[in-house]
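Down below is the structure, laid out as structure tokens.
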Amino acid sequence: MTATSSANTAKRLVWSKRHPVVFASGILSVATVVDGLAMLGQVALTARLLSKEDFGLLGMAMGWTFVAAAFLDFRVWEVMTIMIPKFQAKQRLRQASALVAGCFLLELSGGLITSSLLGLTAWLAATYYAKSPDAAVLFLILAVQPLLMSADEPARTLLKLAGQFKTLAIWKGLSGVGQLLFVGAALLNYTSPEAAAAAIVGSWIVRLVVLAWLVRGALCQLKLNPLDSGIRRLILPTLLSQRSLLSTTMFSSIAGRLNNRLDVVILGWFTLPEVVAPYDLARRLTSQAGLILGPIEQVVFPRLSKMIATDDEQRDHFLKKLTFGLAVFLIPGIILAIIACPYVIPQVFGDKFSSAVLPAQILLLAYLPTPLLWMRPLLAAKMENRFLLVIGYVSVLVQLLFGLALIPSYGYVASALSVVAAQAFWWGTLSWRNRYSAMRSAKPTDKHGFVKPNTTSFL
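Numbered per this note's numbering, the sequence shown spans residues 65 to 523.
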């Protein structure tokens, strides 16, 4: 195969609907944009209608809940994405059904334990962390959320494996709009952080009921029946056979989730809710960029896994085209967002949140390397999960030490810089690992580290 034909084939793999990498990630990203806009509307409502202190309390309670939920999140979507297609290819549908049942049970068990502990310690968290005993009800309401969140990820994975990206996109977009309506109605009647939290929990219940109905169709399409009584005895052996992968993805997930909210928790520990409020606003705004990238990574991951399993010679051109396409769209967007922050934030969220501009601009810098987001899925598909686990925890340690050292003196600016420092370590280490693997494979590469055409392996 010539270099030109290889490049053309790779281009079709990225852009065509027949090989729907961009189609699938694109439609999910559009839905995520809708969901993100609804989330921005929700943030704007709460920022406008709540006092600065109440907004900070809500952010602290949500950050506390999110960090606690990280410790029993098994990240089963990666295990399901890798193993279910393999079981199906070998016609081992009973094992695939047992894996689905086991993954749901793992996530639900972790969510139940986390929610129970959060409920029992709600008063302690409100008193000693938020420094407001009256906020115990707020922490108690949000304690339910880890249990609700636990069923969401494996259910969405089944829809992706069934190729129902359009259905998933519609559900995701409507879920975001529905939550905005729930929160808006609650705050217009009861202006309190507890009302906003109750509305969030209520919207999650509704979205999960709809998702459960959609999953039934996906299971039929995949020819799986995890509720069959005959597969119950297979659940434990199937999970035990995947214990290495499950444990690695679980610990990797803990590191990833801690990186997402640890800075808010540390800032809240050393300061007051009114200080946390502008930083939490900046964190929520900039996190929307990550939400858009998530669907792209989750669509690229199965594709890379299949390419590595079949030793597909087109994956190098595929990755090059993907990197170029992401860079063209993402980097100018991030730069424009940094420039727009001083004008948009005070206008949309009020002058009381003008201090959120600087941390938002700093946090956006962490997203500049995201055109290389395929690096983590590529290493995961090559089963280098232990390496990802190690650098994930080191990046958490970088953020923790940076935050503990500087947040007491420099406040939310130090919080934002701790996130950038952790992300710089993460992306730098991933880049080094990919370059090292390319050199170790003794394949000729170009100046960007991509294997040259007519070779059979990227790394």
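Ideal Cβ positions, reconstructed from N, Cα and C, are used throughout, including at glycine.
Pairwise C-beta distances place the region 227 to 241 out of contact with the region 182 to 192, as fewer than three of them are shorter than 8 Å.
DSSP places residue 217 in the helix class (H, G or I) of the three-state scheme.
Look at the region 230 to 291 and you find these whole runs of alpha helix (DSSP H), each 4 residues long or longer: 257 to 286. Counting C-beta pairs closer than 8 Å gives three or more between the region 412 to 429 and the region 339 to 349, which meets the contact rule.
Remark: fewer than three beta-carbon pairs, one from each stretch, lie closer than 8 Å, so the region 439 to 459 and the region 293 to 307 are not flagged as touching. Taken atom to atom, the span from the alpha-carbon of residue 297 to that of residue 169 is near 14 Å. Put simply, the backbone Cα of residue 333 is about 14 Å away from that of residue 129. Each residue's CA atom was taken as its position, placing residue 243 and residue 267 some 5 Å apart. Non-local C-beta neighbours of residue 323 in its own chain, meaning closer than 7 Å and more than five positions away in sequence, comprise 459, 460, 463 and 486, ordered along the chain. DSSP, read as helix, strand or coil, puts residue 465 in helix.
By the Cβ neighbour-count rule, residue 450 is exposed, with fewer than 16 other Cβ atoms within 10 Å of its own. By the Cβ test, the region 197 to 206 is not in contact with the region 216 to 229, since fewer than three Cβ pairs between them sit closer than 8 Å.
The DSSP-derived three-state label of residue 227 is coil. When C-alpha distances from residue 399 are compared across 429, 274 and 311, the shortest belongs to 429.
In terms of CA proximity to residue 194, 330 leads the group 448, 330 and 457. Contiguous alpha helix (DSSP H) elements confined to the region 304 to 331 do not occur, taking only those with 4 or more residues. Under the three-pair Cβ rule at 8 Å, the region 94 to 109 does not count as touching the region 308 to 325. Judged by DSSP secondary structure, residue 126 falls within the alpha helix (DSSP H) whose first and last residues are 116 to 134. Residue 133 counts as buried, since no fewer than 16 other beta carbons sit within 10 angstroms of its beta carbon.
Setting aside the 5 residues that flank it on each side, residue 102 is surrounded in the same chain by 240, 241 and 244, each with a C-beta closer than 6 Å to its C-beta; the list follows chain order. 8 Å or more divides the Cβ of residue 121 from the Cβ of residue 179.
Between the alpha carbons of residue 167 and residue 288 lies a distance of about 14 Å. Residue 388 sits exposed, since fewer than 16 C-beta atoms from the chains shown fall within 10 Å of its C-beta. Under the 10 Å beta carbon count, residue 393 is surrounded by fewer than 16 other beta carbons and is classified as exposed.
Annotation: residue 271 to residue 115 spans about 29 Å, alpha carbon to alpha carbon. Around the beta-carbon of residue 150, fewer than 16 other beta-carbon atoms lie within 10 Å, marking it exposed.
Residue 205 is positioned such that its CB atom lies no closer than 8 Å to that of residue 171.
Straight through space, the alpha carbons of residue 246 and residue 453 are spaced by roughly 38 Å.
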